[in-house]
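Student: Using full-length UniProt numbering, the letters of the sequence shown correspond one by one to residues 1 to 205.
Where is the CB? At the ideal position from N, CA and C, for every residue including glycine.
Remember, predicted model here, so these are calculated numbers, not experimental data.
Pasting in a structure now, in structure tokens, and then I'll have a few things to ask.
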Amino acid sequence: MRDQHGRAYGETRFRWIESRDGYWLNRRLALESPLLNAARLIAEPFGYCEERLVFWRPTRALARVEGVKDIAGSGVTSAIVAPIHLPAGAVGAVFWASETALDVAEVLRRDGFAMQMAALRLIAAHAEAQLLAPADTPRLTRREVQCLRWASKGKTDAEIGIILDMSASTVRFHLRNVAVKFGTSGRIQTLCRAVGLGFIGARAR
């Protein structure tokens, strides 16, 4: 995240552990960090301490995260992460990290909700400020949504046409209209945008 002058908040607003390394400028951090990977899988605040992830309830999602035992090597002993999932599929996270051991479970119990709301306000406001213009949710017709839903299940235009009793060219017409409304190019990008906007579920049935 950067300000209006292009300077990373890590340099101007927040104190980072081992800040002289400027590791927040490493673009691979978003792909390699176990905590960021966990933030993609869950929507509620979670913690890290004693080389394990901490959550307020049992969850299989965090159990799948790899590399948790390597976090200690980065200088982080305790942390709380607030994942933020915004419209159009945008994902972010705010970290509170410490070099000392803390009772992360107690902090989550006491302040988790407030931390989540603070993180949501920060990232949502930043994301909106980055937009060149307000993005309105496109209005889709019933047929366009039907074509999207079947396309999300891997059906071809011809198969969708049989299911909905229309020609394959009509299916393509509807899907092209959706792409124009979304400002997307290609079937995959259009479907991803539809999921992000809530027109179809991530697990369409």
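Taking three-plus beta-carbon pairs below 8 angstroms as touching, is the segment 65-74 in contact with the segment 23-38?
Tutor: yes
Student: I believe E99 touches A72 by the beta-carbon criterion, under 8 angstroms. Please report the beta-carbon distance rounded to the nearest angstrom.
Tutor: With 8 angstroms as the limit, E99 and A72 do not qualify as a contact, their Cβ atoms being about 11 angstroms apart.
Student: Specify, as a first and last residue, the run of the alpha helix (DSSP H) that W56 falls within.
Tutor: Where W56 is concerned, there is no enclosing alpha helix (DSSP H), given that its DSSP letter is neither H nor E.
Student: Please work out which residues of its chain come closer than 7 angstroms, Cβ to Cβ, to A90, disregarding the five sequence neighbours upstream and downstream, and give them in chain order.
Tutor: If we look at A90 and ignore the five residues flanking it on each side, its Cβ neighbours are A127.
Student: Which residues does DSSP list as the beta-bridge partners of I80?
Tutor: G47 and W96
Student: Could you say which of V94, G75 and V76 lies nearest to A82 if we only look at CA atoms?
Tutor: V94
Student: Using the C-alpha atoms, what's the distance from I188 back to L164?
Tutor: 21 angstroms
Student: Within 10 Å of its beta-carbon, does A63 have 16 or more other beta-carbons around it, so buried, or fewer, so exposed?
Tutor: By the 10 Å Cβ count, A63 comes out exposed.
Student: Please give the ranges of any alpha helix (DSSP H) in the UniProt domain "HTH luxR-type" (133-198), keeping only runs that are unbroken, at least 4 residues long and fully inside the region.
Tutor: 142-152, 157-164, 168-182 and 187-197
Student: With the cut-off set at 8 angstroms, would you say V178 and T190 are in Cβ contact?
Tutor: yes
Student: My guess is that G102 and C49 are in contact by the Cβ rule of under 8 angstroms, so how many angstroms apart are they, rounded?
Tutor: Note that residue 102 is Leu in the sequence shown, not Gly. That pair is a contact at about 7 angstroms.
Student: To which residues of the same chain is A158 closer than 7 angstroms at the C-beta, ignoring the five residues directly before and after it?
Tutor: A168
Student: Determine the DSSP secondary structure at V91, reduced to helix, strand or coil.
Tutor: strand
Student: V107 and I84: beta carbons closer than 8 angstroms?
Tutor: no
Student: Which residues bound the alpha helix (DSSP H) around L36?
Tutor: P34 to L41
Student: Going by DSSP, name the residue or residues bridged to R2.
Tutor: A8
Student: May I have the straight-line CA-CA distance separating L25 from L175, to the nearest angstrom?
Tutor: 39 angstroms
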